[in-house]
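Trainee:
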Amino acid sequence: MFDTKPHLPDALYSAAQVRDLDARLIAAGTPGLELMLRAAQALWHTLLRRWPQANELTVLTGRGNNAGDGYLVAAMAHKAGWQVRVLAVGDPAALTGDAAAAHAAAFGIDIQAWAGQSLAGVVLDALLGTGLDGEVREPYVSAIKAVNDSGLPVVAADIPSGLSADTGQTLGVAVRADVTVTFIGLKLGLLTGDAADLVGELIFDDLRADPALVAQMPFSAKRLDKHNLPQLAARPRTAHKGMFGRVLVIGGDHGFGGAALLSAESALRSGAGMLTLATRPEHVAAALTRMPEIMSAAIHSANQLMGLIEPASVLVVGPGLGQSAWGRSLLSAAANADRPQVWDADALNMLAAGLVSLPKGSVITPHPGEAARLLGVGIKEVQADRAAAVRALARKFDTVCVLKGSGSLIADAHGQLALCDRGHPAMATAGLGDVLAGLIGALMAQHLKPFDAACLAVWLHASAGQKVGEYGRGLAASDIIPAIRQLLEELQPCLI
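Numbering (the UniProt record's numbering), first residue to last: 1 to 496.
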């Protein structure tokens, strides 16, 4: 998993927005070549910090401003006494403006046209920048494959070549970097999609951009961080259970009782005042044995739900629900209830099939496969532009949508978009989605609005998984529930 540093900014930009910001900085009086020099200095200092014993550098350059960064770093390394070689994949004669000036500054350095040469030392990827919008073509394909096959340490200038700055999709082939140093504005595509396997350590440098000018710029999304999370109010000393909502979890068909139990336990441990589980009769004993604090109802038919829905603050629908007649009838009853709801799993599959309509004020939590069914497209189309997919889902269903996966995204129908860059590969196991659904429901029951509840829940869920994931393989979904409770208390104490 990529390592995100605490100094990463909150605002996430598209490639076009960063280019606009760059142009505004130049118009405000900072020469473009000066910005390029600052970028090169950031890359050079990163090289020295990360590999203090290194003394050899191979720079691969294209024919844009990204190449200009590379030529300036080559000049700095040459001046410091390093053995430097530039492999020009893009013809230097095609360089213009600041990039051409940077190339001129590399006079006296060994610059060779790319012909499949072996690489040596530390490799600087200065091939393709953030403007790439189609699949990588030759000779860049062979150069990128050579970088990835070299086994050498790799630094990417601004973005790993071949990675989309807007979507995080690999555009055919992409560099796998150990470190990526990105500039001016943090690109959305560095934190979602395929980025986790390509970016390595992510370092941001604003190139000393005027903060006032940056603050005027529109951005695409907010990166969730512990200092900008939605806040649960501290509880008064006179608090009672009725103040913090009643969550009703509906699910657990034959053979799937564990999913509903995980959602219920997650909601209970995340602060819901009361918790009711509506499930198949055979799961009631296990539920009460595991959690005597909950009210557990044996549900034979949807008619029995009516009395449970009425006092509920929030419904969590779908964990282990199944798509049999039992599950369909329970979902239909929930869909007709005037209550905020969280829908996951089979509730989403039946929503995709057009069997029900989603109530207002709800949250849906699809993984890419469920998102594809909801949109009527393939999974590849969802993953090709996750931000577009989550926005489309939020608009289509007039809801808050959490698109799960690496770099989870949260969107609402009004255009808000948030991204969570935390998590751990050990979280690739069954039941984590059930825990998230219960957590969102509990936060909504404690009076957070749906978008805010989803943002806080996704961050807590991913951060808890990252913490517990340090133990490696074998993480179980229930392992992160205590960690969620601990994180929530550390960040937002119950009593101040």
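We put the beta carbon where it would ideally sit given N, CA and C, even for glycine.
From this set, 487, 473, 412, 399, which residue's C-alpha is nearest residue 428's C-alpha?
Mentor: Minimum Cα distance to residue 428 is reached at 473.
Trainee: Starting from residue 112, follow its DSSP beta bridges and name the residues at the other end.
Mentor: In DSSP, residue 112 forms a bridge with 87.
Trainee: Helix, strand or coil for residue 72? Go by DSSP, reduced to three states.
Mentor: It is helical.
Trainee: Return the CA-CA distance between residue 230 and residue 455, expressed in angstroms with no decimal places.
Mentor: For residue 230 and residue 455, the distance between alpha carbons rounds to 7 Å.
Trainee: Using a threshold of 9 Å, state whether the C-beta atoms of residue 255 and residue 434 are closer than that.
Mentor: Cβ distance not < 9 Å, so residue 255 and residue 434 don't count as in contact.
Trainee: How close, in whole Å, do the beta carbons of residue 291 and residue 276 come, if the pair is a contact with beta carbons under 8 Å?
Mentor: That belief does not hold up - the Cβ atoms of residue 291 and residue 276 are roughly 11 Å apart, past 8 Å.
Trainee: Checking the sheet assignment: what are the DSSP bridge partners for residue 398?
Mentor: Answer is none; residue 398 lacks a bridge partner.
Trainee: In the DSSP assignment, the alpha helix (DSSP H) including residue 140 goes from what residue to what residue?
Mentor: Note, residue 140: alpha helix (DSSP H), 140 to 150.
Trainee: Between the C-alpha atoms of residue 263 and residue 394, what's the straight-line distance to the nearest angstrom?
Mentor: Rounded to the nearest angstrom, the two C-alpha atoms are 23 Å apart.
Trainee: For the alpha helix (DSSP H) holding residue 455, just list the boundary residues, first then last.
Mentor: Unbroken alpha helix (DSSP H) run through residue 455: 450 to 468.
Trainee: Just tell me which of 259, 80, 315 has its CA closest to the CA of residue 57.
Mentor: It is 80 whose Cα lies nearest to the Cα of residue 57.
Trainee: Going by other Cβ atoms of all chains shown within 10 Å of its Cβ, with 16 needed for buried, is residue 369 buried or exposed?
Mentor: Classification for residue 369: exposed.
Trainee: I think residue 516 touches residue 234, with their Cβ atoms under 8 Å apart; what is that distance to the nearest whole Å?
Mentor: Nothing can be reported for residue 516, as the shown portion of the chain is limited to 1 through 496.
Trainee: So what's residue 220 in DSSP terms, helix, strand or just coil?
Mentor: The answer is coil: DSSP assigns residue 220 none of H, G, I, E or B.
Trainee: If residue 153 and residue 122 are in contact, beta carbons under 8 Å, what's the gap, nearest whole angstrom?
Mentor: Yes, they are in contact, since the Cβ atoms of residue 153 and residue 122 sit about 5 Å apart, within 8 Å.
Trainee: Between residue 11 and residue 189, is the Cβ-Cβ spacing less than 9 Å?
Mentor: For residue 11 and residue 189, no; Cβs fall outside 9 Å.
Trainee: Applying the 10 Å Cβ sphere with the 16-neighbour rule, what's the burial state of residue 31?
Mentor: So residue 31 counts as exposed.
Trainee: By alpha-carbon positions, which one of 113, 252, 326 ends up nearest to residue 498?
Mentor: The chain is shown from 1 up to 496; residue 498 falls before or after that span and cannot be answered.
Trainee: Would you kindly work out how many angstroms separate the C-alpha atoms of residue 6 and residue 203, rounded to a whole number?
Mentor: Low confidence applies to residue 6: its pLDDT is 43, below 50, so where it sits in the model is not reliable, and the reading given next is rough at best. Approximately 10 Å, taken between the alpha carbons.
Trainee: Kindly give me the distance between the Cβ atoms of residue 426 and residue 417, rounded to whole angstroms, as I take these residues to be in contact under 8 Å.
Mentor: About 27 Å separates the two Cβ atoms, so there is no contact after all.
Trainee: Quick one: is residue 330 buried, meaning 16 or more other Cβ sit within 10 Å of its Cβ, or exposed?
Mentor: It counts as buried.
Trainee: Taking the alpha carbon of residue 478 as the point to measure from, which residue in 47, 267, 215, 133 has its own alpha carbon closest?
Mentor: Considering only alpha carbons, the answer is 267.
Trainee: Quick one: what does DSSP say residue 157 is sitting in, helix, strand or coil?
Mentor: It is a strand residue.
Trainee: How would you label residue 383, buried or exposed, when you count the other beta carbons within 10 angstroms and need 16 or more for buried?
Mentor: Label assigned to residue 383: buried.
Trainee: Rounded to whole angstroms, what's the CA-CA distance from residue 177 to residue 198? Just pull it up for me.
Mentor: Distance between the alpha carbons of residue 177 and residue 198: 6 Å.
Trainee: Where does residue 362 land, buried or exposed, given buried means 16+ other C-beta within 10 angstroms?
Mentor: Buried, by the Cβ-count rule.
Trainee: Taking C-alpha atoms, which residue in 120, 441, 163, 225 lies nearest to residue 140?
Mentor: The shortest Cα separation from residue 140 among 120, 441, 163, 225 belongs to 163.
Trainee: Quick test of your reading: residue 213 and residue 28, contact by CB under 8 Å. State the CB separation rounded to the nearest angstrom.
Mentor: Going by Cβ atoms, the distance from residue 213 to residue 28 rounds to 6 Å, so yes, they are a contact pair.
Trainee: Over the uninterrupted beta strand (DSSP E) stretch that includes residue 61, give me the two end residues.
Mentor: Note, residue 61: beta strand (DSSP E), 56 to 61.
Trainee: Does the beta-carbon of residue 110 have 16 or more other beta-carbons within 10 angstroms, so that it is buried, or is it exposed?
Mentor: Exposed, since its Cβ has fewer than 16 Cβ neighbours within 10 Å.
Trainee: Less than 8 Å between the CB atoms is what I'm expecting for residue 341 and residue 317, so what's the real figure, rounded?
Mentor: Correct: roughly 6 Å between the Cβ atoms.
Trainee: Let's test the definition: count the other Cβ atoms within 10 Å of the Cβ of residue 535 and tell me whether it reaches 16, buried, or not, exposed.
Mentor: Any answer about residue 535 is impossible in this case: the structure gives the chain only from 1 up to 496.
Trainee: By Cβ distance below 7 Å, which residues in the same chain neighbour residue 493 in space, the five residues on each side in sequence not counted?
Mentor: Cβ within range, chain order: 234.
Trainee: Spatial neighbours of residue 481 within its chain, please: CB distance less than 7 Å, with the 5 preceding and 5 following residues excluded, ordered by chain position.
Mentor: Closer than 7 Å at Cβ, skipping near neighbours: 265, 266, 269, 435.
Trainee: Taking the runs of the beta strand (DSSP E) that are 3 residues or longer, which of them lie wholly in the region 278 to 325?
Mentor: Runs of the beta strand (DSSP E) inside the region 278 to 325: 295 to 298, 314 to 317.
Trainee: Helix, strand or coil for residue 408? Go by DSSP, reduced to three states.
Mentor: Residue 408: strand per DSSP, three-state reduction.
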